[in-house]
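Novice: My questions will all concern the structure given below.
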Amino acid sequence: MKITLNSVSFRYNGDYVLKDVNAEFETGKIYVVVGKNGSGKTTLLKILAGLLEAEGEIFLDGSPADPFLLRKNVGYVFQNPSSQIIGATVEEDVAFSLEILGLDEGEMRKRIKKVLELVGLSGLEKEDPLSLSGGQKQRLAIASMLARDTHFLALDEPVSMLDPPSQREIFQVLESLKNEGKGIILVTHELEYLDDMDFILHISNGTIDFCGSWEEFVEREFDDVEIPFKWKLWKKCGKINLWEDRYENSGNQRRRDTV
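Per UniProt numbering, residue 1 is the first one in the sequence shown, and the count goes up by one each step.
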């Protein structure tokens with residue numbers, strides 16, 4: 001599945017936050033959106049998820065897509081997890097996102113169990129979400145969207161409240177979802193542990209001025225993005241391969257050794 005943006009713009013109070021954006025997003029890939037605060041990153045995610053109606057054209061597999069169709073196909077995780085947590089318990093919060101899908105109780109419980117295990121919240125099903133730590137709330141917000149099983153996930157700073165080991169765990173979950181055919185579009189400043197991205201998009205003054213691989217991104221030297229040390233080392237050491245790609249027979253999963 002593919003989402004195409006054609007000359008998409010958006011204004012707040014008459015001022016353009018995004019202007020003439022053209023981009024494509026496909027399932028089975030990870031897209032990382034970077035740029036300074038206020039550049040339009042969150043606005044772009046909300047448009048893709050059908051939460052904002054923009055000027056211009058948006059297509060889903062070549063057919064015009066309105067916000068309702070986008071919401072059906074793109075799950076959105078807010079930067080502040082408290083913005084989307086409404087259940088009295090952890091499992092009820094995940095269940096709420098499934099009720100509109102008309103699933104039977106057995107399927108709902110199956111999905112709830114699966115996503116809570118994925119994000120590391122298994123055993124907290126009966127806990128009050130308000131009693132969770134900030135990092136646990138972020139995990140819960142991600143779980144609620146994972147349960148919907150949409151083609152795409154749009155995540156706004158999904159690991160900002162997590163410590164480095166937990167960031168790595170969540171990014172590994174996102175990478176596994178990519179391998180299952182999901183499209184992942186995320187805004188994050190935490191690039192250190194996200195090794196399996198396909199494209200980086202840089203937004204400046206409401207326009208996408210770069211879309212390419214992390215190797216190409218390092219060559220451009222954008223001064224508003226903190227580059228991970230291992231990327232800097234890759235460039236300094238004559239562009240040697242810092243990751244030794246290994247393919248394991250079980251599941252054919254890629255594993256990269258970090259420096």
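We put the CB at the ideal spot given by N, CA and C, even for glycine.
Under 8 Å between the Cβ atoms of L44 and V77?
Specialist: No, the pair does not count as a contact, with Cβ atoms beyond the cut-off.
Novice: Measure the alpha-carbon distance for F10 versus T4 and round it to whole angstroms.
Specialist: The C-alpha of F10 lies about 16 Å from the C-alpha of T4.
Novice: Could I get the ranges of all uninterrupted alpha helix (DSSP H) runs contained in the region 158-238, with 4 residues as the minimum, in chain order?
Specialist: 164-179, 214-220 and 229-236
Novice: Starting from the C-beta of N6, find all residues in its chain whose C-beta is less than 8 Å away, skip the five residues before and the five after it, and write them out in chain order.
Specialist: N22, G56, E57, I58 and F59
Novice: By a C-beta neighbour count over all protein chains shown, 10 Å radius and 16 as the cutoff for buried, is D66 buried or exposed?
Specialist: Exposed: under 16 other Cβ atoms inside 10 Å.
Novice: Looking at G75 and M1, is the spacing between their C-beta atoms short of 8 Å?
Specialist: no
Novice: Where do the ends of the beta strand (DSSP E) carrying G56 lie?
Specialist: E55 to L60
Novice: For a minimum of 3 consecutive residues, which ranges assigned as the beta strand (DSSP E) are wholly contained in the region 17-46?
Specialist: Counting only unbroken stretches of 3 or more residues, the beta strand (DSSP E) elements lying wholly within the region 17-46 are 30-34, in sequence order.
Novice: Look at K29 and G206 and say whether their C-beta atoms are less than 8 Å apart.
Specialist: no
Novice: Check whether chain B comes within 8 Å of F152, counting only Cβ atoms and requiring the distance to be less than that.
Specialist: No chain B is present in this structure, which holds just one protein chain.
Novice: Nearest by alpha-carbon distance to P165: which of L155, G120 and S176 is it?
Specialist: G120
Novice: Which term fits K110, buried or exposed, when burial requires 16 or more other beta carbons within 10 angstroms of its beta carbon?
Specialist: exposed
Novice: DSSP puts F152 in a beta bridge; with which residues?
Specialist: V74 and G183
Novice: Could you tell me whether the region 156-170 touches the region 87-103, where touching means 3 or more Cβ pairs closer than 8 Å?
Specialist: The region 156-170 vs the region 87-103: no contact.
Novice: Please list, in chain order, all residues of the same chain as residue 285 whose beta carbon is under 8 Å from its beta carbon, the five residues on each side excluded.
Specialist: The requested residue 285 does not occur in the structure, where the chain is confined to residues 1 to 259.
Novice: Name the DSSP bridge partner or partners of T4?
Specialist: E24 and F59
Novice: So, is S131 buried or exposed, given that buried needs 16 or more other C-beta atoms within 10 angstroms?
Specialist: exposed
Novice: Rounded to whole angstroms, what's the CA-CA distance from G212 to F199? Just pull it up for me.
Specialist: Roughly 5 Å separates the two Cα atoms.
Novice: Where does V94 sit, in a helix, a strand or coil, going by DSSP?
Specialist: Of the three classes helix, strand and coil, the one that applies to V94 here is helix, per DSSP.
Novice: Relative to the C-alpha of H202, which candidate in F229, D223, D195 and L69 has its C-alpha closest?
Specialist: Answer by Cα proximity: D223.
Novice: Going by CA-CA distance only, name the one from F229, L233, L177 and V218 that's closest to V34.
Specialist: V218
Novice: Hey, would you say G135 sits closer than 8 Å to L103, going by beta carbons?
Specialist: no
Novice: Our contact map puts E127 next to T89 with C-beta atoms below 8 Å; I'd like the distance itself, whole angstroms only.
Specialist: 6 Å
Novice: Tell me the rounded alpha-carbon separation between F171 and Y16.
Specialist: In this structure, the CA atom of F171 is about 32 Å from the CA atom of Y16.
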